[in-house]
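Engineer: From first to last, the protein sequence lines are chains A and B. The UniProt record's numbering applies: residue 1 is where the first sequence begins, and numbers increase by one. The UniProt record's numbering applies: residue 1 is where the second sequence begins, and numbers increase by one. The following block contains the structure, expressed as structure tokens.
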Amino acid sequence: MARYILSRLAQAVVVVFVATLLLYALAYAMPGDPVAALAGENQTLDAATRAAIAAKYNLDKPFFVQYALYLGRVFHGDLGTTFAGRPVTEVIATAFPVTARLAIIAIVIETVIGVLVGLVAGRHKGSGFDSVVMTITMILLGVPSFVLAFAVQYFFGVKLRWMKPTVSEFATWGELVVPALVLAVGSIAFLIRFTRSGVVDALNSDHVKAARARGIHEWRIGLAHVLRNVLIPIVTVIGTEFGGLLGGAIITESVFNIPGFGQQVYQHIIRGETAPTVSLVSVLVIIFVTVNLLVDLLYAVLNPKVRYGAHE
Amino acid sequence: MTTKNTIRKALAALATGALLAGVLAGCGAATAKDGSGSGSASASTAAYNPVSVSGTAPGGDLIPTNSQESGKKVLVWQLFDGLVDVDPDTRKVRNEVAESITSDDQQTWTIKLNKDRKFSDGTDVKADNFIKAWTWGADIANAQIASGDLAVIKGYDKLHPSDGSKATATEFEGLKKVDDYTFTVELTSPYSSFVNLLTSVTFYPLPDSFFKDPDAWRKNPVGNGPYKLQKPVDEATGAYLDLNKYYKGNRKPHNTGLYVRFYTDSSAAYQDVLADNLDITSPGGADLLTAKDDFGDRLVEPTITGPNTTLTFPMWDDFWKSSNGLKVRQAISLAIDREEIVDKVFNGYAVPAKDFTVKGLYGWSDSIKGSDVLDFNVTKAKALLKEAGGYTKELPIYYNADGAHKQWVEAVANQIKKNLGINAVPKPTTTFSDFLEKRADHQFTGPWRASEIPFNPGLDDMLRNVYSTSGSANSGSEWTSDAFEAKLKEGWQQKDTDAAIEKFNEAQEILFQDLPAIPLWYTKIPSVYSTKVSNVHTNVFGSTLYLVEKQ
Numbered sequence: 001m002a003r004y005i006l007s008r009l010a011q012a013v014v015v016v017f018v019a020t021l022l023l024y025a026l027a028y029a030m031p032g033d034p035v036a037a038l039a040g041e042n043q044t045l046d047a048a049t050r051a052a053i054a055a056k057y058n059l060d061k062p063f064f065v066q067y068a069l070y071l072g073r074v075f076h077g078d079l080g081t082t083f084a085g086r087p088v089t090e091v092i093a094t095a096f097p098v099t100a101r102l103a104i105i106a107i108v109i110e111t112v113i114g115v116l117v118g119l120v121a122g123r124h125k126g127s128g129f130d131s132v133v134m135t136i137t138m139i140l141l142g143v144p145s146f147v148l149a150f151a152v153q154y155f156f157g158v159k160l161r162w163m164k165p166t167v168s169e170f171a172t173w174g175e176l177v178v179p180a181l182v183l184a185v186g187s188i189a190f191l192i193r194f195t196r197s198g199v200v201d202a203l204n205s206d207h208v209k210a211a212r213a214r215g216i217h218e219w220r221i222g223l224a225h226v227l228r229n230v231l232i233p234i235v236t237v238i239g240t241e242f243g244g245l246l247g248g249a250i251i252t253e254s255v256f257n258i259p260g261f262g263q264q265v266y267q268h269i270i271r272g273e274t275a276p277t278v279s280l281v282s283v284l285v286i287i288f289v290t291v292n293l294l295v296d297l298l299y300a301v302l303n304p305k306v307r308y309g310a311h312e
Numbered sequence: 001m002t003t004k005n006t007i008r009k010a011l012a013a014l015a016t017g018a019l020l021a022g023v024l025a026g027c028g029a030a031t032a033k034d035g036s037g038s039g040s041a042s043a044s045t046a047a048y049n050p051v052s053v054s055g056t057a058p059g060g061d062l063i064p065t066n067s068q069e070s071g072k073k074v075l076v077w078q079l080f081d082g083l084v085d086v087d088p089d090t091r092k093v094r095n096e097v098a099e100s101i102t103s104d105d106q107q108t109w110t111i112k113l114n115k116d117r118k119f120s121d122g123t124d125v126k127a128d129n130f131i132k133a134w135t136w137g138a139d140i141a142n143a144q145i146a147s148g149d150l151a152v153i154k155g156y157d158k159l160h161p162s163d164g165s166k167a168t169a170t171e172f173e174g175l176k177k178v179d180d181y182t183f184t185v186e187l188t189s190p191y192s193s194f195v196n197l198l199t200s201v202t203f204y205p206l207p208d209s210f211f212k213d214p215d216a217w218r219k220n221p222v223g224n225g226p227y228k229l230q231k232p233v234d235e236a237t238g239a240y241l242d243l244n245k246y247y248k249g250n251r252k253p254h255n256t257g258l259y260v261r262f263y264t265d266s267s268a269a270y271q272d273v274l275a276d277n278l279d280i281t282s283p284g285g286a287d288l289l290t291a292k293d294d295f296g297d298r299l300v301e302p303t304i305t306g307p308n309t310t311l312t313f314p315m316w317d318d319f320w321k322s323s324n325g326l327k328v329r330q331a332i333s334l335a336i337d338r339e340e341i342v343d344k345v346f347n348g349y350a351v352p353a354k355d356f357t358v359k360g361l362y363g364w365s366d367s368i369k370g371s372d373v374l375d376f377n378v379t380k381a382k383a384l385l386k387e388a389g390g391y392t393k394e395l396p397i398y399y400n401a402d403g404a405h406k407q408w409v410e411a412v413a414n415q416i417k418k419n420l421g422i423n424a425v426p427k428p429t430t431t432f433s434d435f436l437e438k439r440a441d442h443q444f445t446g447p448w449r450a451s452e453i454p455f456n457p458g459l460d461d462m463l464r465n466v467y468s469t470s471g472s473a474n475s476g477s478e479w480t481s482d483a484f485e486a487k488l489k490e491g492w493q494q495k496d497t498d499a500a501i502e503k504f505n506e507a508q509e510i511l512f513q514d515l516p517a518i519p520l521w522y523t524k525i526p527s528v529y530s531t532k533v534s535n536v537h538t539n540v541f542g543s544t545l546y547l548v549e550k551q
């Protein structure tokens with residue numbers, strides 16, 4: 001197990017390194033001139049000023065020189081500075097907790113609602129509850145999250161005024177519940193359907209039938225034979241959905257004006273700020289890689305059959 | 001653009017039906033309670049109830065000579081007071097920090113300052129604060145975005161050599177201190193509009209503390225305006241502004257402070273104003289279509305309309321430079337039904353253009369000789385196209401896809417196609433900066449969309465900045481005309497404003513003859529406001545937020 005973890009960590013380092021190179025190349029190749037963006041709509045910049053600004057941010061150097069300079073700074077703990085003169089580490093420190101809160105609420109909501117409703121629907125396959133759930137999840141899967149976000153914002157924020165249309169500068173746990181729910185809706189629907197079919201399959205499986213024949217209590221069958229088998233793939237699904245969650249956060253944060261990570265990434269991309277963009281997105285890559293590593297390890301814990309490294 | 005709003009409203013109904021409604025009812029109530037404490041940062045002053053306005057993260061320091069972008073300007077306008085500003089009622093320039101600005105020859109100006117003005121740190125605003133700020137702003141070593149505005153002052157080329165080499169002087173030759181509160185400015189040539197130019201942020205003063213430690217100032221800017229920062233700007237969320245207790249100018253705030261809240265999506269700000277969660281914003285895109293219905297009399301239209309949207313042509317191109325090219329341009333202009341596009345695409349938030357500046361400026365005219373080329377006249381257009389020997393190539397119309405231009409560019413292309421039979425094709429670039437880069441590389445073979453707004457209330461400002469080589473000629477078309485330059489120069493030598501305006505409008509006649517750009521319309525960007533505020537105005541040359549009253 002320890003060896004497995006070490007090799008996976010080594011892989012992760014390579015993945016992150018390659019990702020920064022690719023990201024830097026993409027950010028470098030982004031069309032447009034960041035200096036022009038700084039000047040706003042009215043272009044009164046003369047060539048001398050333009051050149052001086054470009055030199056200040058190393059924009060005048062060739063790609064590999066820029067990348068090497070960037071990487072050199074990263075190894076000294078300097079993730080770059082924004083045009084506003086703010087260290088990127090500071091941007092991460094303030095924006096990350098906000099998105100973390102959003103993501104945690106979203107994951108908790110999607111796991112609790114998704115698994116519970118899925119279990120009940122699967123257990124009572126074909127019931128009225130099951131068909132209502134199946135219909136609603138079908139609708140929710142078809143609605144793009146930004147459409148739902150606008151609908152919720154307009155209806156509950158403007159028409160009914162049950163909530164404010166946007167989140168305050170503090171982005172508290174309470175304020176983030178509705179945006180997190182909107183963010184999680186697609187995953188909830190998917191997870192309900194996934195769990196439900198897992199339960200249906202498990203209930204029809206031979207080992208459950210055998211357990212029933214042995215007269216084991218339904219509750220025990222449910223916990224030991226059905227739930228355990230269903231949970232294993234669900235853990236993987238939640239792990240992969242997490243990536244989608246981080247991507248979806250950019251839209252959700254923009255609609256509800258949440259001062260999180262997604263907003264920062266968006267703004268630095270728009271301004272063509274290479275180093276901050278690469279640093280911020282790399283953090284997302286690291287999180288994604290870490291979460292997937294954890295999921296794989298958890299998989300081993302839940303499923304003794306998958307003993308990593310056992311074959312060695 | 002319209003679809004977003006329709007979808008949003010239609011789906012609002014759908015959302016109710018779903019099981020979501022029950023869940024949301026619970027969470028929603030909790031959210032409303034949590035969100036109400038947004039003013040907590042202001043506990044120090046009990047009555048602090050700031051007017052909240054939408055803004056965008058400034059993305060850079062707030063040094064006035066570096067503040068061209070709108071996100072910065074909104075803040076800089078509140079934090080600083082210039083020598084002069086624009087009176088929101090008369091739209092004329094009035095003195096602020098300056099007690100008087102005089103000149104006998106329109107070239108050497110004597111500026112006397114009011115002696116009672118202070119920065120928000122309590123230090124006096126003196127002649128040196130202007131001289132040093134402008135010198136620092138012009139120095140190439142500091143690479144200030146708006147340094148070009150200072151090029152009218154003698155000695156700029158020594159501080160800011162155009163070849164990119166280092167400055168050869170440390171002092172601004174044209175700036176002379178007479179005493180603590182008087183200084184003179186010598187310009188490179190007579191320029192009667194200098195007083196108008198002084199309204200722009202580039203000419204704001206900087207306090208002594210800035211020159212001692214610019215980096216410390218960058219983190220916590222101090223100015224001499226009606227407001228001061230309560231704490232450093234939070235790039236992610238916004239900026240709280242308190243009153244500057246030392247402020248003595250005309251812009252005495254009618255409110256207790258401002259909160260500039262940053263948004264990345266203008267629609268989120270619009271929803272917030274609808275729900276009274278934000279006081280003032282400018283609607284964009286689809287929201288503009290519903291703004292009148294949503295807000296009724298809580299919508300204000302600007303007194304000066306602008307920017308002026310144009311189709312600007314690549315005058316470096318041999319065909320467009322030729323006399324046939326001119327005829328085709330005239331034909332295109334006559335074939336565009338501006339009224340129809342203004343009504344259908346802009347929902348009335350635009351006015352068909354009559355000149356190369358913006359409507360509402362002092363001296364603006366709708367009947368400049370040659371402006372009939374902006375009429376809608378298909379017969380005349382067809383005749384001109386025939387005279388030019390037709391135009392059979394594809395006519396690309398370039399625009400940047402990151403702005404809301406697609407709809408009207410398509411409408412214009414369709415009209416050209418329908419009325420002239422020219423194959424006009426909209427060509428988007430991904431971003432505005434990509435657009436500028438391609439234009440600078442001469443990759444454009446046909447017209448592009450441009451929208452220009454004057455930086456100051458002088459009728460000549462746009463003519464100079466957009467079309468003249470004595471400005472930055474930023475239309476990018478590379479059109480030049482000696483006759484045009486001569487008319488502007490004549491205007492700048494006039495002491496009398498009306499005499500100057502006559503010359504500037506004669507310069508516009510030359511623009512109409514050559515037509516390097518086709519003026520289309522002046523956009524009207526309204527503001528909408530919440531039920532909590534009153535006395536809201538819009539002004540393109542500075543902020544009128546100081547006038548807003550909040551219950």
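By construction, the Cβ of each residue, glycine as well, lies at the ideal position given by its N, Cα and C atoms. Quick caveat: nothing in here was measured; it's all calculated off a predicted structure.
#1: Once the 5 residues before and after T102/B are set aside, which same chain residues still bring their CB inside 6 Å of it?
#2: Given a limit of 7 Å on CB to CB distance, which residues of the stretch 507-538 of chain B reach chain A?
#3: Quick one: using the 10 Å Cβ neighbour count with 16 as the cut-off for buried, is L116/A buried or exposed?
#4: Spatial neighbours of G82/B within its chain, please: C-beta separation below 7 Å, excluding the five flanking residues on both sides.
#5: Quick one: list the residues of chain A neighbouring H160/B, beta-carbon separation under 7 Å, in chain order.
#6: On a Cα-Cα basis, can you pick out the residue from A388/B, Q407/B, K417/B, V152/B that is closest to K321/B?
#7: If Y227/B and L241/B are in contact, beta carbons under 8 Å, what's the gap, nearest whole angstrom?
#8: Can R251/B and Y467/B be called in contact, C-beta distance under 8 Å?
#9: Which parts of the stretch 124-191 of chain A are runs of the alpha helix (DSSP H), unbroken and 4 residues or longer, counting only runs that do not cross its ends?
#10: Measuring CA to CA, which of S279/A, V185/A, V177/A is closest to G142/A?
#11: Determine, using beta-carbon pairs with one atom in the stretch 249-265 of chain B and one in the stretch 497-512 of chain B, whether at least three such pairs fall under 8 Å.
#12: At the level of alpha carbons, what is the spacing between L231/A and V74/B?
#13: Jot down the residue ranges of each uninterrupted alpha helix (DSSP H) in the stretch 190-246 of chain A, minimum 4 residues, whole runs only, in chain order.
#14: Is any non-hydrogen atom of the ligand GTP found closer than 7 Å to the C-beta of D287/B, if you look at the structure I gave you?
#15: Are the stretch 83-94 of chain B and the stretch 159-178 of chain B touching by the rule of at least three beta carbon pairs closer than 8 Å?
#16: Mind listing which residues of the stretch 92-110 of chain A have their C-beta closer than 7 Å to chain B's C-betas, in chain order?
#17: Output needed in chain order: residues of the stretch 430-445 of chain B with a Cβ under 9 Å from some Cβ in chain A.
#18: Could I get the ranges of all uninterrupted alpha helix (DSSP H) runs contained in the stretch 16-67 of chain A, with 4 residues as the minimum, in chain order?
#19: Could you name the residues of the stretch 61-78 of chain A whose beta carbon sits closer than 7 Å to any beta carbon of chain B, in the order they occur along the chain?
#20: What does G55/B pair with, by DSSP beta-bridge criteria?
#21: Determine, for residue 390/A, whether the minimum Cβ-Cβ distance to residues of chain B falls below 8 Å.
#22: Check whether the stretch 531-543 of chain B and the stretch 481-494 of chain B are in contact - that is, three or more C-beta pairs closer than 8 Å.
#23: Can you tell me which of the three DSSP states L298/A falls into?
#24: Taking the alpha-carbon positions, what's the S7/A to L62/B distance?
#25: Determine the direct distance from the alpha carbon of V152/B to that of D194/B, and round the result to whole angstroms.
#26: For the stretch 231-259 of chain B, enumerate the residues whose C-beta is nearer than 8 Å to any C-beta of chain A, in chain order.
#27: Taking Cβ-Cβ distances below 7 Å as the criterion, which residues of the stretch 63-85 of chain B are in contact with chain A?
#28: Considering only the alpha carbon of each residue, which of A133/B, W448/B, K118/B, D163/B lies closest to K212/B?
#29: Could you give the first and the last residue of the continuous alpha helix (DSSP H) run that contains A507/B?
#30: Please work out which residues of its chain come closer than 7 Å, Cβ to Cβ, to D128/B, disregarding the five sequence neighbours upstream and downstream, and give them in chain order.
#31: Along the beta strand (DSSP E) that carries W109/B, what are the first and last residues, could you check?
#32: Please classify W316/B: is it buried, with 16 or more other beta-carbons within 10 angstroms of its beta-carbon, or exposed?
#33: Does the pairing of the stretch 372-386 of chain B with the stretch 324-339 of chain B give three or more beta-carbon distances under 8 Å?
#34: What is the residue span of the beta strand (DSSP E) that V425/B lies within?
#35: Any Cβ of chain B within less than 8 Å of the Cβ of S131/A?
#36: Within its chain, find whatever has a CB closer than 6 Å to the CB of H405/B; leave out the 5 residues flanking it on each side and keep chain order.
Structural biologist: In short, the structure shows the following:
#1: T110
#2: Those residues of the stretch 507-538 of chain B that come within reach of chain A (Cβ to Cβ, closer than 7 Å) do not exist; the list is empty.
#3: Here L116/A is exposed, its C-beta having fewer than 16 other C-beta atoms within 10 Å.
#4: E96, V97, L198, T199, F203, Y204
#5: A48
#6: A388/B
#7: 4 Å
#8: no
#9: Listed in chain order, the complete alpha helix (DSSP H) runs (minimum 4 residues) inside the stretch 124-191 of chain A are 128-142, 145-152.
#10: V185/A
#11: no
#12: Between the C-alpha atoms of L231/A and V74/B there is a straight-line separation of about 53 Å.
#13: 206-213
#14: Among the components of this structure there are no ligands whatsoever, and the ligand GTP is therefore not found.
#15: Counting Cβ pairs under 8 Å, fewer than three are found: no touch.
#16: T94, A95
#17: T430, T431, F432, S433, D434, F435, L436, E437, K438, A440
#18: 34-38, 47-56
#19: none
#20: F262/B
#21: Outside the shown range of chain A, which is 1 to 312, sits residue 390/A, and nothing can be said about it.
#22: no
#23: For L298/A, the secondary structure class from DSSP, reduced to helix, strand or coil, is helix.
#24: 49 Å
#25: Reading off the sequence shown, one finds Phe at residue 194/B, where the question assumed Asp. Roughly 9 Å separates the two Cα atoms.
#26: Those would be D234, E235, A236, T237, G238, in chain order.
#27: Q68, E69, S70
#28: That would be A133/B, whose Cα lies nearest to the Cα of K212/B.
#29: 497-514
#30: Annotation for D128/B: K177 place their beta carbon closer than 7 Å to its own, counting only its chain and skipping 5 residues before and after.
#31: 108-113
#32: exposed
#33: The stretch 372-386 of chain B is in contact with the stretch 324-339 of chain B.
#34: 423-429
#35: no
#36: Y399, R449
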